Amino acid sequence: QKEVEQNSGPLSVPEGAIASLNCTYSDRVSQSFFWYRQYSGKSPELIMSIYSNGDKEDGRFTAQLNKASQYVSLLIRDSQPSDSATYLCAVNLRRAGGTSYGKLTFGQGTILTVHP
Amino acid sequence: GAGVSQSPSNKVTEKGKDVELRCDPISGHTALYWYRQSLGQGLEFLIYFQGNSAPDKSGLPSDRFSAERTGGSVSTLTIQRTQQEDSAVYLCASSPVRAVEAFFGQGTRLTVV
Chain A
1 QKEVEQNSGP LSVPEGAIAS LNCTYSDRVS QSFFWYRQYS GKSPELIMSI YSNGDKEDGR
61 FTAQLNKASQ YVSLLIRDSQ PSDSATYLCA VNLRRAGGTS YGKLTFGQGT ILTVHP
Chain B
1 GAGVSQSPSN KVTEKGKDVE LRCDPISGHT ALYWYRQSLG QGLEFLIYFQ GNSAPDKSGL
61 PSDRFSAERT GGSVSTLTIQ RTQQEDSAVY LCASSPVRAV EAFFGQGTRL TVV
């Protein structure tokens, strides 16, 4: 099992719809979770971070975290063609009994296309 | 500039040559990561530096790859005897003390011919 897995894509939604991106992770004690956006030919850009169970909203983006289910998601409301990109889920994997943060591990990414 | 800076932006090298890739992290950031991204693929972890701790080298694909971080700041990734499969974009990221939001540089595109 991969440490961080994202729902298989590509995902295509019409302009104005809600895009839902999902991610599961394998380590129960992971504490920090991130969503990055990567446009073609560019480096990843941090768009959301979440540390506690529940929802975190920032503009059209909402991150949802459920540590019991080891699940984190990103919702994009009112999707725009400019949201078309690859979305990467990243998890800071900290082992049980560990006292320090470990490496930031990424999922394989989900390609999102928003069509007019 | 306040961001992560990588150099060179592009590097073309002949198979068998050594290359050095440089990363200058955001000032004050204690954590530094190197990742590799092949065309159309996800991010492959290479190595992680955190302060004065021993680096996590678990992602380095072979002993041809090495990295160092001098003075807790600038890092150099060295690839010896390059092979065609080393062709990829090499990304560096840094994050601040006791926080793990990582910010990426623009990457170095390495092409081995």
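Each protein sequence line maps, in turn, to chains A and B. What the first sequence shows, in the numbering used here, is residues 1 to 116, in sequence order. What the second sequence shows, in the numbering used here, is residues 1 to 113, in sequence order. The beta-carbon is built from N, C-alpha and C at its ideal position, and this holds for glycine as well. Bear in mind that the values here come from a model prediction, so they are computed numbers and not experimental data.
- Judged by beta-carbon spacing, Gln70(A) lies within the 8 angstroms limit of Thr24(A), meaning their Cβ atoms are closer than that value.
- By the neighbour-count criterion, in which a residue is buried when 16 or more other Cβ atoms sit within 10 angstroms of its Cβ, Lys15(B) is exposed.
- Taking 8 angstroms as the CB threshold, Tyr48(B) lines the interface with chain A.
- Taking a Cβ-Cβ threshold of 8 angstroms, none of the residues of chain A is close to Leu110(B); the smallest such distance is about 14 angstroms.
- One finds Ser32, Asn92, Tyr101, Leu104 in chain A with Cβ atoms closer than 7 angstroms to the Cβ of Val100(B), taken in chain order.
- Counting the other CB atoms within 10 Å of its CB gives Leu39(B) a total below 16, which places it among the exposed residues.
- With contacts defined by Cβ atoms closer than 8 angstroms, Lys103(A) and Tyr90(B) do not form a contacting pair.
- Taking all protein chains in view, the Cβ of Ala102(B) is crowded by 16 or more other Cβ atoms within 10 Å, so the residue is classified as buried.
- Proximity of Tyr33(B) to chain A, defined by a Cβ-Cβ separation below 8 angstroms, is satisfied.
- By the beta-carbon neighbour count (other beta carbons within 10 angstroms, threshold 16), Asp55(A) is exposed.
- The criterion of a C-beta distance shorter than 8 angstroms is not satisfied by Leu93(A) and Glu15(A).
- Looking from the CA of Ala85(A), the closest CA among Gln31(A), Val114(A), Asn7(A), Ser73(A) belongs to Val114(A).
- The alpha-carbon of Ser73(B) is positioned some 19 angstroms away from that of Phe45(B).
- For chain B, none of the residues of the stretch 64 to 81 of chain A brings a beta carbon within less than 9 angstroms of one of its beta carbons.
- Here Val29(A) is exposed. Its C-beta has fewer than 16 other C-beta atoms within 10 Å.
- With its beta carbon less than 8 angstroms from one in chain B, Gly107(A) belongs to the interface.
- In summary, Asp58(A) is exposed, with fewer than 16 beta-carbon neighbours lying within 10 Å of its beta-carbon over all protein chains present.
- Using a Cβ-Cβ cut-off of 8 angstroms, Gly42(B) is close to Leu88, Phe106, Gly107, Gln108, Gly109 of chain A, given in chain order.
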